[in-house]
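Colleague: I'd like to ask some things about the structure below.
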Amino acid sequence: MKINPVFNYKNSNIINFKSQTTNNNAIDNTLKAKYSLVKCVKKKESLTKKYGINPDEVKVVSSENIKISNEEKKLLIEKILESHELAKKNYNYGNIARISFATNIGLADGSWYLGTNFNNTRNDISSICGERTAIVGAYNKLLKSHSIEESNSAPLNFKVKYLAMANHKDIGTDKNGASPCAECLSWLNTQRYFDNNTTIASLEKNDNGKYSLRLNTIGQYLPYRNEVNYVLDKPCEELDIKISKNAIESAKEKNMSKEDFIKIAKQTKNLYKKNQLANVSGQNIAATVIANGETFNGAKIDFSKRWFMEPALYAASKAIEKYGNETKIDCICYSGNSLYTDTYGSFHNDGVVSIKTLGFLETKYADRNTLVISTDNDSINIRTIDDYMPQKFKFHQTYEIK
Ligand SMILES: [Zn+2]
């Protein structure tokens, strides 16, 4: 029986067709034809072609030798271009920030979700980046795909595998456009839904007009994201001092010695012990900031479980209040425990060193060489902001693009 699909559709007689096997097949064929047409149209509208990019000519650039298949490469380029188009639309519609970014989030199950920045004001109040809107969207999409029954029987497998990023500018021309900001990095610094292999992908246009696909893992962006911090009863003098290569140079420049570090760590630990204001969230942190040769302290103040005053930013703000634009932060020291158990008995590590604060301060009052002190199980660690966030700023300087 030959059925004209247009005729059947117009008569809307689908219920009758369902009761007849032959007609069911006909509907199946119609649907197949429809979907293959959609597929065909999609293929025709490939953004890679639209932007004149030949994936075979796109070089994969990664300092970690990330291996991806040709298919994955093609898919990532397409997803980055989708991000670019969304960002462009957001910009064209007058996004108030006058800069727009978008991210395509790829989950471990192969599904994708696209999001762009939302700015209801020009500043942080009611503004959120593309990476974070996409992460939240992907989470909601996955959640919606499960039933209530499923939600009671198994954990949600929400693992972010890729962040395919772009901004509104001509694709690949703004080389800093595809790097997460300090706030987004502070999200990626958490453990539950991201891991060290979660990969950030972006496109770069080289001088010869060809493109490179840059891949960097979160582990590379945030080398200390898995570190667990402790405040031990053991006196600071008895802890080992571990100092990074960058910090040795910086300490020399700042004329700071091992004794200075022990003194600062001790002082911060005392403040941690005395702090009674972190009494809602269950996580106490204290910070010391050395700026313009003076010491400023801040202890974590909880307003609610979720809202608190970040101690290093609080300490730094005292320095900034005193020295204004002349403020120069040499050292930030943290004291706090990062491990906690949630209501369900699972362990989490939510970090003590705030990536967001380091990023904020680095933009004006601190710099790449500002020292960062923290303690783990057996040592006092001396590092620099550059050690904590090496990719954010070196991202496009460590590789030669040809
Ligand atoms: Zn951001």
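In my numbering, the protein residues as written are 948 to 1349.
From the three backbone atoms N, C-alpha and C, an ideal C-beta is built for every residue, glycine too.
Is E1078 near ligand 1 - that is, is its Cβ less than 7 Å away from at least one heavy atom of it?
Modeller: The residue given as residue 1078 occupies position 131 in the sequence shown. Checking every heavy atom of ligand 1 against the Cβ of E1078, one is found closer than 7 Å.
Colleague: Could you compute how far the alpha carbon of A1263 sits from the alpha carbon of A1049?
Modeller: The residue labelled residue 1263 in the question sits at position 316 within the sequence shown. The residue labelled residue 1049 in the question sits at position 102 within the sequence shown. Whole-angstrom Cα-Cα distance: 32 Å.
Colleague: Are A1246 and T1304 closer than 8 Å when you measure CB to CB?
Modeller: Here residue 1246 is taken as the residue at index 299 of the sequence shown, counted from 1. Here residue 1304 is taken as the residue at index 357 of the sequence shown, counted from 1. No, the pair does not count as a contact, with Cβ atoms beyond the cut-off.
Colleague: Closest to V1178 by C-alpha separation, out of D1325, I1118, S1073, N1042, would be which residue?
Modeller: Residue 1178 sits at position 231 when you count from the first residue of the sequence shown. Selected option, being the one with the closest Cα: D1325.
Colleague: Please tell me whether, using a cut-off of 7 Å, the distance from the CB of P1002 to the nearest non-hydrogen atom of ligand 1 is below it.
Modeller: In the sequence shown, counting from the first residue as 1, residue 1002 sits at position 55. Checking every heavy atom of ligand 1 against the Cβ of P1002, none is found closer than 7 Å.
Colleague: Let me know if K1205 comes out buried or exposed under the rule of 16 or more other beta-carbons within 10 Å of its beta-carbon.
Modeller: Here residue 1205 refers to the residue found at position 258 when the sequence shown is read from its first residue. The residue in question, K1205, is exposed, as its Cβ has fewer than 16 Cβ neighbours within 10 Å.
Colleague: Looking only at its own chain, which residues have a Cβ that is under 8 Å from the Cβ of N1284, when we skip the five neighbours before and after it?
Modeller: What you label residue 1284 is simply residue 337 of the sequence shown in a count that begins at 1. Within the same chain, N1284 has close Cβ partners N1176, Y1177, V1178, Q1230, N1231, V1299.
Colleague: Near H1031, which residues of its chain fall below 6 Å by C-beta distance, leaving aside the five closest residues on each side in sequence?
Modeller: On the sequence shown, position 84 is the one that residue 1031 refers to. Counting only Cβ-Cβ distances below 6 Å, and skipping sequence neighbours, we find A1113, I1118.
Colleague: At the level of alpha carbons, what is the spacing between M1203 and Y1109?
Modeller: Position 256 of the sequence shown, counting from 1, holds the residue named residue 1203. Position 162 of the sequence shown, counting from 1, holds the residue named residue 1109. About 41 Å.
Colleague: Just the Cα atoms here: how many angstroms apart are D1142 and N1222?
Modeller: Working through the sequence shown from its first residue, we reach residue 1142 at position 195. Working through the sequence shown from its first residue, we reach residue 1222 at position 275. In a straight line, the C-alpha of D1142 is about 32 Å away from that of N1222.
Colleague: Assuming N1163 contacts S1009 (C-beta within less than 8 Å), just tell me the rounded distance between them.
Modeller: As a working mapping, residue 1163 is identified with position 216 in the sequence shown. As a working mapping, residue 1009 is identified with position 62 in the sequence shown. Between S1009 and N1163 the Cβ distance is about 7 Å, and since that is below 8 Å, they are a contact.
Colleague: Starting from A1234, trace the beta strand (DSSP E) both ways and give me its first and last residue.
Modeller: Stepping through the sequence shown from its first residue, residue 1234 is reached at position 287. Taken as a continuous stretch (DSSP letters only), the beta strand (DSSP E) holding A1234 covers 1232-1238.
Colleague: Please classify I1329 as buried or exposed, where buried requires at least 16 other C-beta atoms within 10 Å of its C-beta.
Modeller: The sequence position of residue 1329 within the sequence shown is 382, counting from 1. Buried, by the Cβ-count rule.
Colleague: Whose C-beta lies closer than 6 Å to the C-beta of L1089 among residues of the same chain, with five residues either side of it excluded?
Modeller: What you label residue 1089 is simply residue 142 of the sequence shown in a count that begins at 1. Once the five neighbours on either side are set aside, the close Cβ partners of L1089 are F1105.
Colleague: Apart from the five residues just before and just after A1266, which ones in its own chain have a Cβ nearer than 8 Å to its Cβ?
Modeller: The residue given as residue 1266 occupies position 319 in the sequence shown. Hits under 8 Å: V1236, A1238, N1239, E1241, F1243, T1274, I1276, Y1312.
Colleague: Specify, as a first and last residue, the run of the alpha helix (DSSP H) that W1134 falls within.
Modeller: For the purposes of this step, residue 1134 is taken as residue 187 along the sequence shown, with counting starting at 1. Looking at the DSSP string, the run of the alpha helix (DSSP H) that includes W1134 is 1129-1135.
Colleague: Within the present structure, is the beta-carbon of E1309 separated from the nearest heavy atom of ligand 1 by less than 7 Å?
Modeller: As a first step, residue 1309 is located in the sequence shown; it is residue number 362 there, counting from the start. No; taking the cut-off as 7 Å, the Cβ of E1309 has no heavy atom of ligand 1 nearer than that.
Colleague: Among all the DSSP beta bridges, which residues are the ones paired with M1112?
Modeller: By one-based count along the sequence shown, residue 1112 stands at place 165. Answer is T1050.
Colleague: Alpha carbon to alpha carbon, what distance is there between T1146 and I1165?
Modeller: Residue 1165 sits at position 218 when you count from the first residue of the sequence shown. Residue 1146 sits at position 199 when you count from the first residue of the sequence shown. So the alpha carbons of these two residues sit roughly 6 Å apart.
Colleague: Pick out whichever of N1316, T1322, L1286 has its Cα sitting closest to the Cα of Q1138.
Modeller: On the sequence shown, position 191 is the one that residue 1138 refers to. Comparing Cα positions, the closest option is L1286.
Colleague: In this structure, how does DSSP classify F1294 when only helix, strand and coil are distinguished?
Modeller: For the purposes of this step, residue 1294 is taken as the residue at position 347 of the sequence shown. In the structure shown, F1294 sits in a strand (DSSP, three-state: E or B).
Colleague: Taking 6 Å as the limit between beta carbons, can you name the residues of its chain near W1059, skipping five residues before and five after?
Modeller: Counting from one through the sequence shown, the residue named residue 1059 turns up at place 112. Excluding residues within five positions, the ones whose Cβ falls inside 6 Å are N1051, G1053.
Colleague: In terms of alpha-carbon separation, which member of K1199, T1290, E1268, N1067 lies closest to K923?
Modeller: No answer is possible for residue 923: it lies beyond the span of the chain, which begins at 948 and ends at 1349.
Colleague: Within 10 angstroms of its Cβ, does A1055 collect 16 or more other Cβ (buried), or is it exposed?
Modeller: The residue given as residue 1055 occupies position 108 in the sequence shown. Classification for A1055: exposed.
Colleague: What is the DSSP secondary structure of Y1177, reduced to helix, strand or coil?
Modeller: Walking along the sequence shown from the start, residue 1177 turns up at place 230. Three-state result, Y1177: coil.
Colleague: So L1028 and T995 are supposed to be a Cβ contact under 8 Å. How far apart are they, rounded?
Modeller: Counted from its first residue, the sequence shown places residue 1028 at position 81. Counted from its first residue, the sequence shown places residue 995 at position 48. That pair is a contact at about 6 Å.
Colleague: Closer than 7 Å by C-beta to I1000: which residues in its own chain qualify, once you throw out the five before and the five after it? Chain order, please.
Modeller: One-based indexing of the sequence shown puts residue 1000 at position 53. So the qualifying residues of the chain are I1024, Y1158.
Colleague: Skipping 5 residues on each side, what residues in its chain have a beta carbon closer than 7 Å to that of C1076?
Modeller: In the sequence shown, counting from the first residue as 1, residue 1076 sits at position 129. Taken in chain order, the residues that qualify are F1048, N1064, C1128, E1130, C1131.
Colleague: I'd like to confirm something about E1174: is its beta-carbon nearer than 7 Å to some heavy atom of ligand 1, or not?
Modeller: As a working mapping, residue 1174 is identified with position 227 in the sequence shown. Outside the cutoff, so no.
Colleague: Can you tell me which of the three DSSP states G1352 falls into?
Modeller: Because the chain here runs from 948 to 1349, residue 1352 falls outside it and cannot be looked at.
Colleague: State the DSSP-derived secondary structure class of L1103, mapped to helix, strand or coil.
Modeller: Position 156 of the sequence shown, counted from the first residue, corresponds to residue 1103. If DSSP states are grouped into helix, strand and coil, L1103 belongs with coil.
Colleague: What do you reckon, are the CB atoms on A1234 and C1280 nearer than 8 Å?
Modeller: Reading the sequence shown from its first residue, position 287 is the one you call residue 1234. Reading the sequence shown from its first residue, position 333 is the one you call residue 1280. For A1234 and C1280, yes; Cβs fall inside 8 Å.
Colleague: Return the first residue and the last residue of the alpha helix (DSSP H) that L1260 is part of.
Modeller: As a first step, residue 1260 must be located in the sequence shown, where it is residue number 313. 1258-1270 is the extent of the alpha helix (DSSP H) around L1260.
Colleague: Once DSSP output is grouped into helix, strand and coil, what is the label at S1228?
Modeller: Within the sequence shown, the letter at position 281 stands for residue 1228. Residue state, collapsed to three classes: coil.
Colleague: Could you check whether the Cβ of E1184 sits closer than 7 Å to any heavy atom belonging to ligand 3?
Modeller: In terms of ligand content, the structure shown lacks ligand 3 and carries ligand 1 instead.
Colleague: Report the rounded CA-to-CA distance for A1125 versus L1160, giving the unit in angstroms.
Modeller: Along the sequence shown, read from residue 1 onward, the residue named residue 1125 stands at position 178. Along the sequence shown, read from residue 1 onward, the residue named residue 1160 stands at position 213. Rounded to whole angstroms, A1125 to L1160 spans 11 Å at the Cα level.
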